[in-house]
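Peer 1: So that we are looking at the same thing, I have put the structure below in structure tokens.
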Amino acid sequence: MITTHQNGGTITVMLAARAINPLSRLFQRELGALIDKLEAQRTQLHGVIIGFHSEAADADHELEHLMALTTAQAGDCMHMLGAYNALLRRLETLGIPVIATLSGAVTGHALGLALACHRRISLEEATFSLPQVHLGMTPVAGEIARAARLAGLQAAMPLLLEGATLSAGQAQKAGLLHAVAGDEEHMAELVHHALEADMPALQPWDAKAWRLPGGELDSAPVLALLQVAPAMLRERTGGHAPAPEAILCAMVEGLQVDFDTALLIESRYFCQTAISPVARNLMRLSQIRCDLASPTAAAFAATLRQTYAGQTDALRAEGVSETLLRNAARAAGLPPPPAASPA
């Protein structure tokens, strides 16, 4: 899951992207052991380089954790997230430069961990996304707080509210990357130069002179954006998708407080959305889509579609309007109702 290699005063760390899960005690133990090691050797180190295995992340392991969440487990969820956030804060306050080297599809919690590094350097072909909103949930573990502080409110919105996938160039323009390399050799040169330049081992928001990129919350452009953003979200979602509105709230509320409080606010919104019916239905649909290559899963999906169509037709026969059917489907996190079956 996590491997290390030391070369003089530099430690290179490799993580399996698909294993990064804030709600996994196993991953937290491994990450904690790594940080213990780095803290014990910090006087002998002058840099840490963190890379991620390039295979695509497999979300199934995390969905199993999330679909098992209940309202009664919200307290445990907050405790787990608090412990994970504390680990990332130890990493970014290590006092040693931590550089993330990125390639391939950097998504979800892999991107979240990279944002906790002091510098991020990627290959040109890399892409970046926080797709949790598509599953009816807010990003978590500092992904909202860090992205908003690095990019500013407006520039972070596509990544957070829409789950947009950014190219390396777009991510650099937004302030999420420090440099983009053409190939592995160029990346190694950029990492070497960053370490030789004695880069500060400090996150921007931990510096006293830090200012929010793109304007503070009370600046005229940001105030104008905040006046129209909620209405635009409601128009886009019909008011039946709670995640985008929760993300916007976490962004704005988190930028009005200190960083650690912002992490707490983010965690609360995550737990609130993760246990909602909308998220549960979207996660179930996502798992079926991911498995549709299996004949058994395909047959199950066909049965679900047939049942959905049959129940919808039964409601139509009872006089339920199409508008009410569509709104009910949205509220439940389901696709639009299928067309009426032929008589």
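Under our numbering, the sequence shown has 1198 at position 179, and the numbering climbs by one with no breaks. Quick reminder that beta carbons are idealized off the backbone N, C-alpha and C, glycines included.
Using 8 Å as the limit for Cβ to Cβ distance, is L1195 near chain D?
Peer 2: Structure shown: chain D not included; a single protein chain is present.
Peer 1: Given a cut-off of 8 Å on the beta-carbon distance, is the pair V1297 and G1127 in contact?
Peer 2: Contact flag unset, no.
Peer 1: Would P1116 pass as a contact of G1066 if the rule is Cβ separation under 8 Å?
Peer 2: yes
Peer 1: According to DSSP, what are the bridge partners of I1118?
Peer 2: Within the DSSP bridge table, the entry for I1118 names I1068, R1138 as partners.
Peer 1: Closest to N1104 by C-alpha separation, out of L1214, L1311, A1164, would be which residue?
Peer 2: A1164
Peer 1: Looking at V1210 and I1068, is the spacing between their C-beta atoms short of 8 Å?
Peer 2: yes
Peer 1: Please name the residue, chosen from Q1092, T1090, L1107, that lies closest to R1048 on a Cα-to-Cα basis.
Peer 2: L1107
Peer 1: At what residues does the beta strand (DSSP E) containing S1148 begin and finish?
Peer 2: Start and end: 1146-1148.
Peer 1: With DSSP collapsed to three states, give me the class of S1305.
Peer 2: helix
Peer 1: Quick one: is T1280 buried, meaning 16 or more other Cβ sit within 10 Å of its Cβ, or exposed?
Peer 2: exposed
Peer 1: Is DSSP giving T1022 helix, strand or coil here?
Peer 2: strand
Peer 1: Please list, in chain order, all residues of the same chain as P1177 whose beta carbon is under 7 Å from its beta carbon, the five residues on each side excluded.
Peer 2: A1183
Peer 1: With distance defined between alpha-carbon atoms, name the residue in A1174, L1110, D1202, H1197 nearest to A1059.
Peer 2: L1110
Peer 1: Does the beta-carbon distance from L1267 to L1130 come in below 8 Å?
Peer 2: no
Peer 1: Could you tell me how far apart the beta carbons of L1221 and H1137 are, in whole angstroms, since I believe they sit closer than 8 Å?
Peer 2: 7 Å
Peer 1: I'd like to check one pair, P1232 with G1273: are the Cβ atoms closer than 8 Å?
Peer 2: In this structure, P1232 does not lie closer than 8 Å to G1273 by Cβ.
Peer 1: Would you list the one or two residues that DSSP bridges to L1185?
Peer 2: F1147
Peer 1: Could you tell me which uninterrupted beta strand (DSSP E) segments, each at least 3 residues in length, are contained entirely in the stretch 1228-1259, listed from first to last along the chain?
Peer 2: none
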